[in-house]
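Student:
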Amino acid sequence: MSLRTLIALAVVVVQAVGAPILPTSVREAADGITADQLARDLAFIASDELRGRATPSPGFDRAAAYIVNRLKAAGVTPAGDNGTYLQTYTMIESRVDLAASHIEIGGKRFALDADFVLRSFSGQPLTGTWPVVYVGHGWVIPDKGIDPYAGVDVRGKVVLTHGPRAMPKGVVIEQFGRVTVGASNVVAEAPRRGAVAVLMIPQTSTQPGWWQQLQRQNLVRRELDPSVPSAYAAAQVTSALLSPTGTEALMAGERFTTNEIVARGDAEDYPATFTLNKSVTFNVQASTVPHRPYNVVAKIEGRDSRLRNEHITVMAHLDGAVGTRSVEGDDIYNSADDNASGSAGMLSIVEQMMKSERPKRSMIFVWDSGEEVGLWGSRHFVANPPVPLSSVVAHINIDMIGATRAAESADEHSPAVPGPNEVYLIGPGVLSDKVNALIDQVNRGYLTMTLNRADDRWDSEFFYPRTDAGPFLERGILTIGWNTGLHRRYHQPSDDARFLDPKKIETVARTVFATLWAMAETNERPAIDKPIPVSVPRHR
Ligand SMILES: [Zn+2]
């Protein structure tokens with residue numbers, strides 16, 4: 010054993026027992042993140058004036074300008090478009106013209122909302138007459154040999170299935186939010202096979218009042234243009250669920266009567282694929298308006314001449330989920346915990362990082378937009394990164410870090426909210442033993458937060474796909490999420506700054522700072538060293 014090996018072993022042993030690995034100056038910079046500053050930033054970003062920062066909105070613009078001014082003052086390098094801090098993208102808002110839209114079956118006209126409702130909307134007008142192919146439940150599950158499209162060409166045709174949620178009989182499909190494992194439903198599969206639209210026959214098992222509940226849905230679609238593949242990409246096809254009257258017209262003179270086909274659907278005893286005798290005419294009219302939302306992007310260069318070409322991205326969505334419903338006289342969805350808390354936390358992290366000795370790797374900080382609508386900012390970023398995506402070694406997501414379950418606090422009775430020195434850490438346990446150990450080690454040597462791993466599981470929606478980390482993980486990048494759990498104020502007008510704990514934001518932000526610094530410093534490239542779960546579809 011060489012002396013060199015001995016020294017290396019000694020370092021490992023010291024680290025394993027929890028000796029601090031942060032240089033004193035770095036630790037001092039982390040300690041410079043204060044609850045007072047965070048409370049001031051939180052108060053502005055979550056103020057009533059900004060009205061929850063919907064994407065796009067004047068309130069979002071003001072929040073972004075606030076961040077940009079601070080980045081300028083701190084001398085942080087812009088990493089948006091053309092030397093600015095802003096990374097702009099196009100979002101198309103499409104609206105169905107309810108009064109002008111109808112379907113024609115057998116020479117009869119059926120009106121939108123009265124005789125059919127939309128289950129998805131492609132964003133494009135849909136006009137034409139096409140043959141109809143019945144595909145039963147419409148699911149494709151290769152491992153089980155289930156493929157109702159086998160042997161038929163549905164290109165340029167309408168596929169007919171049962172709705173709103175037909176399933177293959179006796180098959181359990183694992184679903185995590187919008188993700189299905191090893192299976193794809195008719196709305197995903199039809200456009201992939203070149204079908205122009207989806208029609209659905211209603212199931213009689215639907216609950217009383219079901220039609221009224223489905224009306225007026227999916228008439229507006231907002232989506233990135235061009236779209237970026239992800240679990241949260243908007244539907245690529247228009248699908249229409251027929252009323253019983255519409256179904257009668259469709260099935261008249263066909264192989265099965267309405268009663269027969271509905272009964273077969275209800276029993277999950279689907280007839281084999283067949284082509285109907287009649288064609289169907291769609292006339293779905295829509296108008297579109299383009300918007301130009303943006304992310305705020307900044308960069309801190311690493312100090313090592315080689316490793317500075319590797320990057321860690323850190324993201325906190327600046328937008329909020331702004332609803333339309335007034336609750337107890339409050340109609341402003343301040344979106345304080347979700348996610349003014351993370352936005353303020355990341356701003357302090359950047360400001361203190363500028364005062365710290367730089368780690369070896371570079372860091373890119375993104376206050377993104379459109380997270381609440383469809384992960385737009387995150388999806389746009391991975392498709393249009395300011396540095397090659399292959400140079401991004403890890404992605405850190407900061408989303409909701411302001412809640413604490415403590416006696417006499419707003420979250421005293423919120424079971425999912427962790428205690429004062431506790432935070433959810435999501436991702437490294439599933440993806441990387443080495444980074445997991447590194448984070449533990451840094452934490453033990455610093456604030457010794459309790460790192461709650463309840464959601465650090467492959468089957469947690471907060472691991473995948475419900476956050477901005479999803480588009481990164483879909484592209485094979487190690488993701489690490491920090492979060493303080495769901496509470497009753499989530500996505501409600503009551504998500505106000507006054508219910509949050511600035512001390513918690515301070516503790517989490519300091520811990521993120523320390524672990525980010527360590528990951529950016531370590532000589533070995535942080536990486537996924539475990540299999541990416543099968544629940545994560547891979548996109549390029
Ligand atoms: Zn959020």
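Numbering (my numbering), first residue to last: 10 to 549.
Built from N, CA and C at the ideal position, the CB exists for glycine as well.
Starting from K308, follow its DSSP beta bridges and name the residues at the other end.
Tutor: Here residue 308 refers to the residue found at position 299 of the sequence shown. Per DSSP, T86, I373.
Student: With a 10 Å radius around its C-beta and 16 neighbouring C-beta atoms as the bar for buried, classify Q46 as buried or exposed.
Tutor: Stepping through the sequence shown from its first residue, residue 46 is reached at position 37. With 16 or more Cβ atoms within 10 Å of its Cβ, Q46 is classed as buried.
Student: Indicate whether A345 and I514 have their beta-carbon atoms separated by less than 8 angstroms.
Tutor: Within the sequence shown, residue 345 is the residue found at index 336, counting from 1. Within the sequence shown, residue 514 is the residue found at index 505, counting from 1. Not a contact, by the Cβ cut-off of 8 angstroms.
Student: Count Cβ pairs between the stretch 368-376 and the stretch 299-318 that sit closer than 8 angstroms; are there 3 or more?
Tutor: Segments in contact, yes.
Student: Going by the DSSP bridge assignment, what does E102 pair with across the sheet?
Tutor: Position 93 of the sequence shown holds residue 102. BP columns for E102 point to R231, V298.
Student: Leaving out five residues before and five after T170 in sequence, what residues of the same chain have Cβ atoms less than 6 angstroms from its Cβ?
Tutor: Locating residue 170 in the sequence shown gives position 161, counting from the first residue. V144, G147, V195, M209, listed in sequence order.
Student: Run through the DSSP bridge pairs and tell me what N461 is partnered with.
Tutor: Residue 461 sits at position 452 when you count from the first residue of the sequence shown. DSSP output for N461 lists Y433 as bridge partner(s).
Student: How do the stretch 273-289 and the stretch 59-66 stand: do at least 3 beta-carbon pairs fall below 8 angstroms, yes or no?
Tutor: Flag = no, the stretch 273-289 and the stretch 59-66 do not touch.
Student: By the DSSP assignment, the beta strand (DSSP E) with A141 in it spans what residues?
Tutor: Taking the first residue of the sequence shown as position 1, residue 141 is located at position 132. Here residue 141 is Val; the residue named in the question, Ala, does not match the sequence. Here the beta strand (DSSP E) through V141 covers 135-143.
Student: Hey, could you find the ends of the alpha helix (DSSP H) T290 is sitting in?
Tutor: Here residue 290 refers to the residue found at position 281 when the sequence shown is read from its first residue. That residue, T290, is in no alpha helix (DSSP H); its beta strand (DSSP E) goes 283-293.
Student: Take the Cβ of L12 as the centre, count every other Cβ of all protein chains shown within 10 Å, and call the residue buried at 16 or more, exposed below.
Tutor: Along the sequence shown, read from residue 1 onward, the residue named residue 12 stands at position 3. Because L12 carries a pLDDT of 45, less than 50, the predicted location of this residue cannot be relied on, and the following value inherits that uncertainty. L12 should be labelled exposed.
Student: Considering only residues of the same chain and omitting the five flanking positions on each side of A48, which have a CB-CB separation below 7 angstroms?
Tutor: Position 39 of the sequence shown, counted from the first residue, corresponds to residue 48. So the qualifying residues of the chain are P511.
Student: Does ligand 1 have a heavy atom nearer than 7 angstroms to the CB of M409?
Tutor: The residue labelled residue 409 in the question sits at position 400 within the sequence shown. Checking the Cβ of M409 against ligand 1 gives yes.
Student: Which runs of the alpha helix (DSSP H) spanning at least 4 residues fall entirely within the stretch 158-227, listed in chain order?
Tutor: Listed in chain order, the complete alpha helix (DSSP H) runs (minimum 4 residues) inside the stretch 158-227 are 195-201, 219-223.
Student: For E113, which beta-bridge partners are listed by DSSP?
Tutor: In the sequence shown, the residue the question calls residue 113 occupies position 104. According to DSSP, which records beta bridges pairwise, E113 is partnered with R118, T290.
Student: Only counting runs of 4 or more residues, tell me where the alpha helix (DSSP H) segments fall wholly within the stretch 336-366, in order along the chain.
Tutor: Runs of the alpha helix (DSSP H) inside the stretch 336-366: 351-364.
Student: According to DSSP, is R13 part of a helix, a strand, or is it coil?
Tutor: Locating residue 13 in the sequence shown gives position 4, where the first residue counts as 1. Confidence is the limiting factor: at R13 the pLDDT is only 47, short of 50, which leaves the residue's position unreliable and the question unanswerable from this model.
Student: In the DSSP assignment, find the unbroken beta strand (DSSP E) run with G490 in it and report its ends.
Tutor: Within the sequence shown, the letter at position 481 stands for residue 490. Element bounds for G490: 487-492.
Student: From the DSSP output, in three-state form, read off Q245 for me.
Tutor: Position 236 of the sequence shown, counted from the start, is the residue given in the question as residue 245. Coil.
Student: Let me make sure I understand the geometry here. Which of R547, R317, T493, L80 has the alpha-carbon closest to that of P427?
Tutor: If you number the sequence shown from 1, residue 427 lands on position 418. It is T493 whose Cα lies nearest to the Cα of P427.
Student: Reducing DSSP to helix, strand and coil, say where T33 ends up.
Tutor: Against the sequence shown, residue 33 aligns to sequence position 24. If DSSP states are grouped into helix, strand and coil, T33 belongs with the helices.
Student: Starting from M528, follow the alpha helix (DSSP H) in both directions and report where the run begins and ends.
Tutor: For this step, residue 528 is matched to residue 519 along the sequence shown. M528 -> alpha helix (DSSP H) spans 511-530.
Student: Below 7 angstroms, is the gap between the Cβ of N532 and the nearest heavy atom of ligand 1?
Tutor: For the purposes of this step, residue 532 is taken as residue 523 along the sequence shown, with counting starting at 1. Flag unset: Cβ of N532 not near ligand 1.
Student: Quick check: what's the CA-CA separation for S378 versus T266?
Tutor: Here the question's residue 378 lines up with position 369 in the sequence shown. Here the question's residue 266 lines up with position 257 in the sequence shown. Computed Cα separation, rounded: 49 angstroms.
Student: Would you mind working out which of R475, Q294, R334 sits nearest G132, comparing C-alpha positions?
Tutor: Along the sequence shown, read from residue 1 onward, the residue named residue 132 stands at position 123. Considering only alpha carbons, the answer is Q294.
Student: Under 7 angstroms: does the beta carbon of E470 sit that close to some heavy atom of ligand 1?
Tutor: Along the sequence shown, read from residue 1 onward, the residue named residue 470 stands at position 461. Outside the cutoff, so no.
Student: Is there contact between the stretch 411-420 and the stretch 496-511, where contact requires at least three CB pairs shorter than 8 angstroms?
Tutor: Segments in contact, yes.
Student: Can you find at least 3 beta carbon pairs, one from the stretch 382-396 and one from the stretch 295-307, that sit closer than 8 angstroms?
Tutor: Touching, yes.
Student: If you draw a straight line from the C-alpha of L316 to the C-alpha of R549, how long is it?
Tutor: In the sequence shown, residue 316 corresponds to position 307, counting from 1. In the sequence shown, residue 549 corresponds to position 540, counting from 1. The straight-line gap from Cα to Cα measures roughly 24 angstroms.
Student: For A120, which residues from the same chain have a beta carbon less than 6 angstroms from its beta carbon, with the 5 sequence-adjacent residues on both sides left out?
Tutor: Within the sequence shown, the letter at position 111 stands for residue 120. Contacts found: H111.
Student: Quick one: using the 10 Å Cβ neighbour count with 16 as the cut-off for buried, is P211 buried or exposed?
Tutor: Your numbering for residue 211 matches position 202 in the sequence shown. Buried, because 16 or more other Cβ atoms sit within 10 Å of the Cβ of P211.
Student: Exposed or buried, what is A159 when buried is set at 16 or more other beta-carbons lying within 10 Å of its beta-carbon?
Tutor: Position 150 of the sequence shown, counted from the first residue, corresponds to residue 159. Counting Cβ neighbours within 10 Å, A159 comes out exposed, since fewer than 16 surround it.
Student: My output table needs one value for I54: the three-state DSSP class, helix, strand or coil.
Tutor: For this step, residue 54 is matched to residue 45 along the sequence shown. I54: helix per DSSP, three-state reduction.
Student: If you draw a straight line from the alpha carbon of E37 to that of G84, how long is it in whole angstroms?
Tutor: Within the sequence shown, numbered from 1, the residue matching residue 37 stands at position 28. Within the sequence shown, numbered from 1, the residue matching residue 84 stands at position 75. Their Cα atoms are separated by approximately 20 angstroms.
Student: Between L495 and the rest of its own chain, which residues show a CB-CB distance below 7 angstroms, the 5 nearest in sequence each way excluded?
Tutor: Taking the sequence shown and counting its residues from 1, one reaches residue 495 at position 486. Contacts found: A425.
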